[in-house]
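Heads up, the thing below is written out as structure tokens.
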Amino acid sequence: MSINEIIEALRISDLKSRSDYEIIELIQKIGKIAVMGVDIKQGRSIIRGRIVKEKKDNSGELEFHRYESQISFLRDKKLIPPYNRASLEGVPMFYGTITDQNEHYSQVLCISEITKLVDENTEDGKDHHEYITMGKWKVDTEFTVCAIAHNEDFHANNEKLADMYNGFVEFVKKHPDREQDFRDISSFIAREFAKKVDEDKRHDYKISAAFSQVMMSYGVAGVLYPTAKDEGKGFNLALPPYIVEKHLKLEKIAVWRLTKRNKQLVVMPYLYCDKFKSDGAFIYEDPGKWISEGTLEYMLSR
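Read the sequence shown against the numbering used here and you will find it ends at 313, with the numbers running on by one and no gaps.
In structure tokens form, the structure reads like this:
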């Protein structure tokens with residue numbers, strides 16, 4: 012099959028009924044793929060968040076996260092969503108946000124990625140609350156990931172993304188016999204990573220998830236891709252568990268309280284942690300009343 016035939020076969024696939032294996036097999040038929048490698052340097056920060064849920068005893072009390080295992084990648088396969096942007100059904104994956112522009116923006120992006128309050132209709136004059144635990148991991152040792160930077164619709168919003176793409180263009184020009192194939196498949200994969208997917212149609216992630224699995228099977232440490240939520244201004248990073256355990260170290264934790272009344276959303280720091288018990292349990296402290304309303308920057312950057 013030619014590259015265009017493979018792309019067309021993927022494009023018209025009924026992703027709800029077609030198996031993971033069939034999609035992976037099609038991607039593998041592409042053969043050599045030109046991808047960009049990005050080094051995630053030592054000292055970089057990666058942000059990940061989880062929603063705080065109520066206790067299961069119907070008391071209405073919140074069950075705050077106490078250990079890294081509760082805010083890192085999901086270990087219980089029963090809790091893993093059917094498909095995610097870079098992971099197939101039942102495959103644990105660490106998803107975080109990272110940016111070259113402003114570390115604080117990673118925190119804002121993290122909240123916007125997981126909160127349900129933004130999209131909920133709350134125009135009833137009442138306060139609606141949600142709590143999010145956010146962890147900040149530092150990169151202990153450098154590793155290299157595959158970057159998805161080919162969606163030109165996002166380049167105006169992200170200078171780093173445009174630079175990555177320009178580097179890709181210069182590289183493929185050195186391979187004139189495969190240049191068009193490299194461009195075509197890269198553009199197709201980039202569109203798959205950028206498309207917005209409804210919660211009840213998570214199977215639509217299948218192509219980007221299968222591509223990620225193929226790349227990681229070739230030895231790539233993870234996948235870096237622009238966030239569809241904010242039109243590519245920031246980056247999401249998908250890492251398999253062994254990379255997290257080998258290269259990342261949890262440094263700080265903050266719990267944020269989100270309050271939405273009608274269309275106004277206010278985010279306030281609620282708990283903070285940069286110390287741990289001998290068993291790794293978080294030692295939370297009150298962030299204090301001196302933090303200004305709406306502050307998103309302070310807790311994880313101080």
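No residue lacks a Cβ here, since even glycine has one placed at the ideal position from N, Cα and C.
Treat the numbers as computed from the prediction; the structure is a model and nothing was measured.
- Secondary structure in the stretch 66-153: the beta strand (DSSP E) runs of 3 residues or longer, each lying completely within the stretch, are 105-109, 138-150 in chain order.
- By the C-beta criterion, the stretch 15-23 is judged not to be in contact with the stretch 69-77, since fewer than 3 inter-stretch pairs fall below 8 Å.
- Restricted to the stretch 217-290, the alpha helix (DSSP H) segments that are unbroken, complete and at least 4 residues in length are 217-228, 252-258, listed in chain order.
- A distance of 8 Å or more separates the beta carbons of residue 236 and residue 122.
- Between the alpha carbons of residue 227 and residue 214 lies a distance of about 20 Å.
- For a cut-off of 8 Å, the C-beta gap from residue 224 to residue 35 is around 7 Å, short enough to register as a contact.
- Between residue 219 and residue 29, the gap from beta carbon to beta carbon reaches 8 Å or more.
- Across the set 141, 14, 57, 244, the C-alpha of 57 shows the shortest separation from the C-alpha of residue 153.
- Residue 64 sits in a strand when the DSSP states are folded into three classes.
- Proximity of the stretch 239-254 to the stretch 262-282 falls short of the contact definition, fewer than three beta-carbon pairs being nearer than 8 Å.
- In summary, residue 292 is exposed, with fewer than 16 beta-carbon neighbours lying within 10 Å of its beta-carbon over all protein chains present.
- Per DSSP, the continuous beta strand (DSSP E) segment holding residue 48 begins and ends at 47-51.
- For residue 254, the CB contacts under 8 Å within the same chain, skipping 5 residues up- and downstream, are 105, 154, 232, 233 in chain order.
- C-alpha of residue 186 to C-alpha of residue 174: approximately 20 Å in a straight line.
- DSSP, read as helix, strand or coil, puts residue 59 in strand.
- Around residue 100, the same chain offers 31, 91, 93, 94 as residues with beta carbons nearer than 8 Å, after the five sequence neighbours per side are excluded.
- Straight through space, the alpha carbons of residue 86 and residue 103 are spaced by roughly 7 Å.
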